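Take the sequence shown: its letters are residues 247 to 501, numbered as in this note's numbering. C-beta: ideal position from N, C-alpha, C; glycine also. Predicted model only: the values in this text are computed from it and were never measured.
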Amino acid sequence: MDITNKVALVTGGASGLGLATAELLIESGSKVMLLDLNEENAKAATENLGSNSSYVIANVTDESSVQEAVNKTVEEFGGLHITVNCAGIGSASKTVGREGAHPLDYFKLVNDINLIGTFNVLRLAAVEMGNNEPNEDGECGVIINTASVAAFDGQMGQAAYSASKGGVVGMTLPIARDLARMGIRINTIAPGIFNTPLMNGAPDSVKNPLIEMVQFPKRLGHPKDYASLAKHIMENSYLNGETIRIDGAIRMAPR
């Protein structure tokens with residue numbers, strides 16, 4: 247897909263991986279709607295991104311909230327061609343810890359946001375993408391979801407998180423098959439350890455052991471690394487139904 251003059255909806259777009267993707271989309275001539283819960287961050291982001299960006303405050307787990315976000319995207323920019331799902335939360339709770347069994351409500355919350363929220367956004371976005379005029383490949387849209395290497399080698403305390411991200415990986419191919427008749431591609435990116443706002447405040451005593459587990463290059467991932475891969479997925483029309491790790495060849499040992 248030629249992303250020039252295309253319209254993108256980016257969830258979690260006010261910071262981290264989502265913001266880096268939005269910045270690269272704007273540089274490439276796209277128009278971007280940021281979907282986020284943090285209005286202060288979203289407003290600041292759009293001020294920096296310029297007139298080809300806007301934002302909407304929405305909860306990815308709420309159907310009406312997401313539908314309103316899709317509608318606003320179309321009303322402001324005239325369509326919807328690209329959806330990038332970066333909204334999500336981390337979690338840390340052992341199956342059985344000092345306080346007893348893993349809280350079930352917490353397990354549900356993590357999966358509601360990371361898995362169900364991702365599906366909620368993409369299904370509603372896909373309906374709108376189906377209205378687009380196909381390009382020469384018959385393509386009407388592209389969706390990118392965000393999983394994690396925790397989907398494959400999660401650590402202690404990541405049962406909920408790994409389940410949610412494993413679900414994102416698991417639904418990628420069936421959704422690609424579902425949406426093929428509509429000319430919509432879907433792929434998933436599984437990042438390793440990235441220098442996002444969550445990690446920015448971590449001391450070197452936390453960061454350095456993580457960096458040591460990365461094979462090459464010996465650093466944490468930069469959000470722009472994710473954005474660059476996302477852009478390639480958008481532009482490569484034969485890439486569909488796949489999950490791609492971007493992690494410096496890290497493989498997390500159990501601990």
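What residues match up with residue i in a beta bridge as DSSP calls it?
| i | result |
| --- | --- |
| D282 | I303 |
| R369 | Note: R369 sits in no beta bridge, so no partner. |
| M440 | Met is not the amino acid found at residue 440; the sequence shown has Phe there. DSSP, once it has assigned bridges, lists G467 as partnering F440. |
By DSSP, does residue i sit in helix, in strand, or in coil?
| i | result |
| --- | --- |
| N357 | helix |
| L466 | coil |
| R427 | helix |
| A254 | strand |
| K340 | coil |
Are residue i and residue j closer than 8 Å when you measure CB to CB?
| i | j | result |
| --- | --- | --- |
| I466 | L475 | First, the residue type needs correcting, since residue 466 is Leu and not Ile in the sequence shown. Contact flag unset, no. |
| I328 | S299 | no |
| G268 | S337 | It should be noted that the sequence gives Ala, not Gly, for residue 268. No. Outside cutoff. |
| N331 | T392 | yes |
| A372 | I435 | no |
Is residue i near the ligand COA, in the sense that its beta carbon is under 7 Å from a heavy atom of that ligand?
| i | result |
| --- | --- |
| I359 | Questions concerning the ligand COA fall outside what the structure shown contains, since it holds no ligand whatsoever. |
For residue i, tell me which candidate among the options has the shortest Cα-Cα distance.
| i | options | result |
| --- | --- | --- |
| N366 | M417, G343, M402 and G384 | M417 |
| K340 | P349, A333 and K252 | P349 |
| Y301 | G258, T442 and I362 | G258 |
| F323 | M279, N454 and M459 | M279 |
| I207 | P380, S408 and I389 | This structure leaves residue 207 out entirely; the chain is present only between 247 and 501. |
| P210 | D493, I335 and E374 | Only positions 247 to 501 of the chain appear in the structure, and residue 210 is not among them; the question remains open. |
Measuring straight from C-alpha to C-alpha, what distance separates residue i and residue j?
| i | j | result |
| --- | --- | --- |
| S394 | L270 | 21 Å |
| P437 | K411 | 11 Å |
| V414 | N433 | 10 Å |
| E293 | E345 | 45 Å |
| P500 | F398 | 12 Å |
Check whether the Cβ of residue i lies closer than 8 Å to any Cβ atom in chain D.
| i | result |
| --- | --- |
| E269 | Note that chain D does not occur in the displayed structure, where there is just one protein chain. |
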